[in-house]
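Accompanying notes for the structure given below.
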Amino acid sequence: MPRKSLFAAFLLLLSLACPDAVFAAQKLLITDSLDYTPLGHYFDLLEDPGGKLGVAEVAGGDMEDKFTPGKSDIYSMGFTTSVYWLRMDIENGANETKDAVIEMPVAWFDNLKMFLPAAGGGYHILQSGDRIPFYQRSFPHRDHLFRFTMRPGERQTIYIRAEAEDAMVLPFYFWTAEAYHRHDGRINMVFGTLYGMLVALMVYNLFVYYSVKDKSYLYYVLYIFGWLIFLFSTNGSAFEMLWPNMPYWGNRAPLFGAVVANLFAGLFTREFLNIRQTIPKYDRAVKAGIGFCIFMVPFSVLWPAYRHTDMLGTTTLTMIFGPVLFAGAILCYRKGVRQARFYLLAWLFPMLAMMIFGLGCFNILPFNFLTTHAIDFGASLEALLLSLALADKISIMREENEMAEERVRETLRRANEELEGKVLERTALLTVAKETAEKATRMKDQFVSLVSHDLRGPISSIKGLMSLSLNEGRSAGELRELAFKCHRASGALIEMIEKLLDISRLQTGSITLKKNFFDAALTVRDILERVGQLVESKGIRLIDEMPEGRALYADKTLFGEVVLNLLTNAIKFTPKGGSITIGMPEETAIAVTDTGGGIPEKMRADIFRHEVKTSMQGTEGEKGTGLGL
Numbered sequence: 370m371p372r373k374s375l376f377a378a379f380l381l382l383l384s385l386a387c388p389d390a391v392f393a394a395q396k397l398l399i400t401d402s403l404d405y406t407p408l409g410h411y412f413d414l415l416e417d418p419g420g421k422l423g424v425a426e427v428a429g430g431d432m433e434d435k436f437t438p439g440k441s442d443i444y445s446m447g448f449t450t451s452v453y454w455l456r457m458d459i460e461n462g463a464n465e466t467k468d469a470v471i472e473m474p475v476a477w478f479d480n481l482k483m484f485l486p487a488a489g490g491g492y493h494i495l496q497s498g499d500r501i502p503f504y505q506r507s508f509p510h511r512d513h514l515f516r517f518t519m520r521p522g523e524r525q526t527i528y529i530r531a532e533a534e535d536a537m538v539l540p541f542y543f544w545t546a547e548a549y550h551r552h553d554g555r556i557n558m559v560f561g562t563l564y565g566m567l568v569a570l571m572v573y574n575l576f577v578y579y580s581v582k583d584k585s586y587l588y589y590v591l592y593i594f595g596w597l598i599f600l601f602s603t604n605g606s607a608f609e610m611l612w613p614n615m616p617y618w619g620n621r622a623p624l625f626g627a628v629v630a631n632l633f634a635g636l637f638t639r640e641f642l643n644i645r646q647t648i649p650k651y652d653r654a655v656k657a658g659i660g661f662c663i664f665m666v667p668f669s670v671l672w673p674a675y676r677h678t679d680m681l682g683t684t685t686l687t688m689i690f691g692p693v694l695f696a697g698a699i700l701c702y703r704k705g706v707r708q709a710r711f712y713l714l715a716w717l718f719p720m721l722a723m724m725i726f727g728l729g730c731f732n733i734l735p736f737n738f739l740t741t742h743a744i745d746f747g748a749s750l751e752a753l754l755l756s757l758a759l760a761d762k763i764s765i766m767r768e769e770n771e772m773a774e775e776r777v778r779e780t781l782r783r784a785n786e787e788l789e790g791k792v793l794e795r796t797a798l799l800t801v802a803k804e805t806a807e808k809a810t811r812m813k814d815q816f817v818s819l820v821s822h823d824l825r826g827p828i829s830s831i832k833g834l835m836s837l838s839l840n841e842g843r844s845a846g847e848l849r850e851l852a853f854k855c856h857r858a859s860g861a862l863i864e865m866i867e868k869l870l871d872i873s874r875l876q877t878g879s880i881t882l883k884k885n886f887f888d889a890a891l892t893v894r895d896i897l898e899r900v901g902q903l904v905e906s907k908g909i910r911l912i913d914e915m916p917e918g919r920a921l922y923a924d925k926t927l928f929g930e931v932v933l934n935l936l937t938n939a940i941k942f943t944p945k946g947g948s949i950t951i952g953m954p955e956e957t958a959i960a961v962t963d964t965g966g967g968i969p970e971k972m973r974a975d976i977f978r979h980e981v982k983t984s985m986q987g988t989e990g991e992k993g994t995g996l997g998l
């Protein structure tokens, strides 16, 4: 929070705690051992509400009794339009000439003038303040210094005129020149260390941003940049080194830096803690604060600095938005966001620094270098811890990435195992299919070999019979006999070829079923008539047990072929005097039963395998193709 803004909240109350005194302040006596002392108790104060009094009027007798003695080391009048005059008697009681320095360390104070009595009458005027160009200061320094010399035994009454549009805070200190140079060297070393660390953190995290492309790092760098502008301006270094001839900008720069710091603090917090996903409802409050900061950026630069309106706006922004971000971090921490730990710890330091600075302003703590620049230390420690928080975030992201990679590896391992299992399973299936195909090929070859052997017989018979018929001298009766045998052999050949074609159509699935409703009994009886002569020639009794009116929905032609195969097979193996029964024991089952010898046990497993020929001679020497079943 800007130091200038803190006074808006703290110092109005302090002005009420400084009652007027009855007696004049004591004289400052410089001794050989005195190097430093606060001057608050050595001053008398006079309020000039209109700011119209000059040093001659103030030093005149009419105003002598209107001064009131100071009772504290720091005078804090809050925001006021009045001009204040300070009077102090000082005497050099040392045995040597003293180079004296009066320091006023509030670098952003507007106008200060010191009036030293001149030898010929009148006053020497020493001036300082951030409302005049830097080169017009009587002593070129970031703080307000008034340097003068006092001979041994010399006594002077000095007057200081203080005018401010910001909070009227007046801490004054006496130093010997040598002691102040030592003190100033130590302060410069501290400032160099703090600001050098902030710049180093900015550069380092800027390189990290270019590497990882995480916006948190960019917002962090810009947040520190805002802090640097604010701190470098409020301690006077920026006015001394960067814009010594731009008092207007010198007054606006702290406010601009504070607004920029608040803006990018909000953006950094939102991105770093992932507020929009972790606590989406609370994110609206954060975005509102960011929006107000964006509005305040041009306001802090361009709006006329009219009696504290700019400071009050910045103070309100900081005092409201800071707790909003801190509360959001607490909520994120309770939601399990690990990086919120370092964030909360980091923000404790600037909050503690603001408390220390405020207590120093209220004179509860000594208003010294530590309390005056507590915010510098707090901001530096905060920046360091936030950098560690960013590093911790990278560590968290690395752990999460490693866990994600491990999950991916585990998923891949399981997928590979599953794939290997499927490959093995598929390989086994392919092996079985290959073995089945090879076995089918072997069986087909065996079947072709068997069929070729069976086909060779009828063809050879036909060829032989035809050769015999070509011999001269054959009678008509002999030729008729040869023709009859040739006809019978060709019939057997045709029957075998038809069986082979049926098997081929069955295997290739090229048989087209033509299903219709038909009477099962009538169809069976048509087939019985076809085999009736064969049954009678063998003296076999045929028993018809087909039920009347039983309709089937099937391919009538194929149904008849199946029944014919079963019947011819039964006729072939039923002896003379035996019987064959055909019926329907179930609605969709045809049963052909004969009194023959039956199928031997060893052949039953092969009767429906086309690659195995299971034909046997019938009861009267009949031969078959072995393909019917």
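Take 370 as the starting number for the sequence shown in this note's numbering and just add one per residue.
All C-beta atoms in this analysis are idealised placements derived from N, C-alpha and C, irrespective of residue type, glycine included.
CB contact flag (residue i, residue j, <8 Å)
i: T526; j: R456; result: yes
i: P540; j: M473; result: yes
i: A607; j: A630; result: no
i: A634; j: V693; result: no
i: K907; j: I940; result: yes
i: A323; j: V452; result: One cannot answer for residue 323 here, as it falls past the ends of the chain, which runs 370 to 998.
i: T545; j: D431; result: no
i: W618; j: Y528; result: no
i: R511; j: P616; result: no
i: T899; j: D913; result: It should be pointed out that residue 899 corresponds to Arg in this sequence rather than to Thr. Their beta carbons are not under 8 Å apart, which means R899 does not touch D913 by this criterion.
i: D401; j: N464; result: yes
i: M723; j: I699; result: no
i: C662; j: L686; result: yes
i: S752; j: I593; result: According to the sequence displayed, residue 752 carries Ala and not Ser. It is a contact, given that the beta carbons lie within the stated cut-off.
i: L714; j: L759; result: no
i: G409; j: S441; result: yes
DSSP state of residue i mapped onto helix, strand, coil
i: I976; result: coil
i: A960; result: strand
i: L632; result: helix
i: R511; result: coil
i: F886; result: strand
i: G419; result: coil
i: V801; result: helix
i: E917; result: coil
i: A752; result: helix
i: F668; result: helix
i: T526; result: strand
i: P719; result: helix
i: P521; result: coil
i: S859; result: helix
i: H493; result: strand
i: T741; result: helix
i: V910; result: Note that residue 910 corresponds to Arg in the displayed sequence, not to Val. Looking at R910 - three-state DSSP - the assignment turns out to be strand.
i: I968; result: coil
i: I763; result: helix
Start and end residues, beta strand (DSSP E) containing residue i
i: P502; result: First-last for P502: undefined, no H or E at that position.
i: T400; result: Element bounds for T400: n/a, residue is neither H nor E.
i: N461; result: V452 to N461
i: K467; result: K467 to M473
i: V538; result: A536 to P540
i: L936; result: No beta strand (DSSP E) holds L936; the alpha helix (DSSP H) holding it covers K925 to F942.
i: R954; result: The residue asked about is misnamed: residue 954 is Pro in this sequence, not Arg. S948 to E955 is the span of the beta strand (DSSP E), which, as asked, contains P954.
i: G439; result: Looking at the DSSP string, G439 is not in any beta strand (DSSP E), and its letter there is neither H nor E.
Delimiting residues of the alpha helix (DSSP H) encompassing residue i
i: M571; result: A546 to V581
i: G595; result: K584 to T603
i: F484; result: No alpha helix (DSSP H) holds F484; the beta strand (DSSP E) holding it covers N480 to P486.
i: F412; result: Per DSSP, F412 belongs to no alpha helix (DSSP H) and is neither H nor E.
i: T647; result: I644 to T647
i: E426; result: V424 to A428
i: M610; result: S606 to M610
Residue i Cβ short of 7 Å to the ligand COA heavy atom set
i: M610; result: With respect to small molecules bound, the structure shown includes none, and the ligand COA cannot be examined in it.
Beta-carbon separation (whole angstroms), residue i vs residue j, contact threshold 8 Å
i: L642; j: G691; result: Contact flag wrong, Cβ pair sits at about 15 Å.
i: V590; j: M571; result: 5 Å
i: M558; j: M446; result: About 33 Å separates the two Cβ atoms, so there is no contact after all.
Check: How about the region 542 to 550 and the region 491 to 503: do they share at least three Cβ pairs that are nearer than 8 Å?
Finding: Contact fails: fewer than three Cβ-Cβ distances are below 8 Å.
Checklist line | Inter-stretch contact at 8 Å, needing at least 3 Cβ pairs: the region 746 to 757 / the region 710 to 727 | finding: Output reads yes: the region 710 to 727 touches the region 746 to 757.
Next item on the list: Evaluate contact between the region 466 to 484 and the region 558 to 570, counting only Cβ atoms and requiring at least three cross-stretch pairs below 8 Å.
Entry: The region 466 to 484 vs the region 558 to 570: no contact.
Check: Does the count of Cβ pairs from the region 508 to 522 and the region 766 to 779 closer than 8 Å reach three?
Finding: Short answer: they don't touch.
Next item on the list: Could you tell me whether the region 910 to 929 touches the region 946 to 960, using the rule of 3 or more Cβ pairs below 8 Å?
Entry: Cβ pair count under 8 Å is three or more, so yes.
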